[in-house]
Amino acid sequence: MFPFKKSSQSVDHVCFGEKRVDIPRLSVGKWMSLMEKIEILPQTVANIIAARDTEMFWPSAVVGVLMASEEVVTLVSVLADVTEDEVKEADLIQLHDFLKSTIERNNLDEAAKKYRAAIQSVLGRLQAAKNPN
1 MFPFKKSSQS VDHVCFGEKR VDIPRLSVGK WMSLMEKIEI LPQTVANIIA
51 ARDTEMFWPS AVVGVLMASE EVVTLVSVLA DVTEDEVKEA DLIQLHDFLK
101 STIERNNLDE AAKKYRAAIQ SVLGRLQAAK NPN
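Residues in the sequence shown are numbered consecutively from 1, following UniProt numbering.
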């Protein structure tokens, strides 16, 4: 799901500008905080995809990127436990390194595979119960 390979070196922090930011462990409480903060990101992505073969694609993409950027700043501030202004001091490489290291530290590739398999198993059982023949 995520195109990141687990590296042999473990990174325990990155810098946002001059501020050192530790790579977080994603507890259930941290996930809940993240989910509370997600507001427009899914709909923004859906709008861009829906407009992909229309004349509104580029305007939708530009507005969507601006809106998504604000939401990403909010999500990273929750993840990193820093202010949004501190996140805005980071450059794109630092943000990438933070997200990549967070994904690697928490093994989100493996977690996504396990949750996907569990959901497919439940859906298969529901389908079998619905059609018993």
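By construction, the Cβ of each residue, glycine as well, lies at the ideal position given by its N, Cα and C atoms.
Exercise. First and last residue of the alpha helix (DSSP H) that includes D97?
Worked result: Run containing D97: 92-105, per the alpha helix (DSSP H) assignment.
| request: Determine the burial state of L123: buried for a count of at least 16 other Cβ atoms within 10 Å of its Cβ, exposed for fewer. | output: Counting Cβ neighbours within 10 Å, L123 comes out exposed, since fewer than 16 surround it.
Taking only three categories from DSSP, how would you classify D109? Helix.
ask   = If we ignore side chains and look at the alpha-carbon of each, how far apart do L108 and S69 end up?
value = If I take the Cα positions, the gap works out to 22 Å.
Can you tell which of G64, V73, H96, N106 has the C-alpha that lies nearest to the C-alpha of I48?
Considering only alpha carbons, the answer is G64.
* C-beta atoms of V82 and V21 nearer than 8 Å -> Yes. Within cutoff.
Item to check | Member of Q43, P59, S27, L95 whose CA lies at the smallest distance from the CA of F16 | outcome: When the alpha-carbon of F16 is set against those of Q43, P59, S27, L95, the nearest one is in L95.
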